[in-house]
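Q: Dumping the structure here so I can ask a few things about it.
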Amino acid sequence: MTEETSRLALPLLMPSQAQKHLTHNEALLALDALVHLAARDRAAAPPAAPVEGDRLLVAASASGEFAGHGGEIALRQGEAWQFLKPRAGWALWLESERLGLVHDGTAWRDAVLRRAERLGIGETRAASGDNRLEVASRAVLFDHEGDHSRVAINKAKAGDTASLVFQTNYSGRAEIGLAGDEALSVKVSADGATWRQALFVEPGTGRLGLGTTNPTAPLDVAGPVRVGRYAKAALPDAAATGAGAVIFVSDEVGGAVLAFSDGAAWRRVTDRATLG
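Take a look at the structure:
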C-alpha cells in the first residue's frame, strides 16, 4: 500500500502507524491550501515577515528557502515553508495580478478560453440563439499587434450576407456590408422592416451608385443633386477649393447660376464668364 494519494500526494494513515493524528492533520492542511487554490503573489525568495497560511507562487529563478522549488506553491505552516508540487490540470488564481493560471504538466500558463459554445461578457443573460457571443459594454477596443489590426467577417458564398447591422432597441436601422451579393452597400430602415439602399459600390469597377445599383460612371446619382449655396460676397477661394468644384451662386447678375472653379476663379457654367 502506498503512503500517499496518487493525485494530490496526501499522506495516508498506515495500519500500524503511531500518532495518526499528525498524518491526518497534515492531509487536512494540504487540502486547506489546495482547495480553491490561490496565491497572493509570485516570489523568488521568502518574504521577510511571512504570515501563517500565506501561499506564494515560486518564481523559476528562486533563491534561499525557495531554491529548487520553481513553479511550486509555497505554503507557510507554523515556522516553516511547505511546498506543493503542481500537476497537470491544477487551476490557480494569482491575486496580485488578478490572473487565472492553469498548469499543463510542465509550467503554469495563462488561462485561455477555447471552443466555448456560448459566451456573454458583461451580460446578465447567456448568449443565445444565433448569437454565440454577446458583449454588453460602453466600448470595445480591438488593438493592433504589429503593423496592422483587422476585423474579418466571412461568408460562405456569393448569395450569403456578411454585414454590420446597427439597431435601436434590437430593431435594425442601418446595414453596411455584403448583403446578399458581392457588392458593398449601405441600407437604411425607419422601422426595421422596410429597407432602402442608400449607397452601392460596384465590385468590378469601384463605381459608386447613389440610388442605383448599376452605376455607369465613377459617381452615378439617380436623382437631383444639391450643391453648396453661396452669395457672391461669401464665395470660397477658387484656388483653395480646386479646379472642378461646383457651387450654386444665388445672387449673380441676371439670376442664380451654377458656377465652377477653374483653379483660379469662379466661372458661370452657362457661358464660362467669371462671376460679375
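Oh and the sequence shown: position 168 is 614 in the working numbering, straight run, nothing missing. All C-beta atoms in this analysis are idealised placements derived from N, C-alpha and C, irrespective of residue type, glycine included. Keep in mind that this is a model prediction, so the values were computed, not measured.
#1: Mind checking who G618 pairs with in its DSSP beta bridge?
#2: Kindly give me the distance between the Cβ atoms of S696 and A702, rounded to whole angstroms, as I take these residues to be in contact under 8 Å.
#3: Roughly how many whole angstroms lie between the Cα atoms of A485 and R642?
#4: Flag P496 as yes if its beta-carbon sits less than 8 Å from any beta-carbon of chain D, otherwise no.
#5: Quick check on R713: does DSSP put it in helix, strand or coil?
#6: Distance check for A685 and V699, CA to CA, integer angstroms please.
#7: Which of the three DSSP states is assigned to F588 in this structure?
#8: On the three-state DSSP scale, how would you describe K678?
#9: Rounded to whole angstroms, what is the Cα-Cα separation between H549 and F588?
#10: Going along the chain, which residues of its own chain have a beta-carbon closer than 6 Å to the beta-carbon of A663, five neighbours each way excluded?
#11: Cutting at 8 Å between CB atoms, please list the residues of its own chain near G592, excluding the five before and the five after it.
#12: With S631 and F646 assumed to form a contact (beta carbons below 8 Å), what rounded beta-carbon distance in angstroms separates them?
#13: Among the candidates K633, A489, A582 and W554, whose CA atom is the shortest distance from the CA of G566?
#14: Excluding the 5 residues preceding and the 5 following T687 in the sequence, name in chain order all residues of the same chain whose CB lies nearer than 6 Å to its CB.
#15: Exposed or buried, what is E621 when buried is set at 16 or more other beta-carbons lying within 10 Å of its beta-carbon?
#16: Under three-state DSSP, which class holds G638?
#17: Would you tell me roughly how many angstroms separate the C-alpha atoms of A598 and G568, rounded to the nearest one?
#18: Taking only three categories from DSSP, how would you classify E687?
#19: Could you give the DSSP three-state label for S509: helix, strand or coil?
#20: I need the DSSP call for S583, collapsed to helix, strand or coil.
#21: Report the start-end ranges of each beta strand (DSSP E) in the segment 500-579 that is 3 residues or longer and not cut off at the edges.
A: Looking at the atomic coordinates:
#1: Q613
#2: 5 Å
#3: 58 Å
#4: Note that chain D does not occur in the displayed structure, where there is just one protein chain.
#5: strand
#6: 22 Å
#7: coil
#8: helix
#9: 28 Å
#10: none
#11: none
#12: 5 Å
#13: A582
#14: S707
#15: buried
#16: coil
#17: 23 Å
#18: Sequence check: residue 687 is Thr here, not Glu. It is helical.
#19: coil
#20: coil
#21: 501-504, 519-523, 526-530, 537-540, 545-549, 554-556 and 565-567
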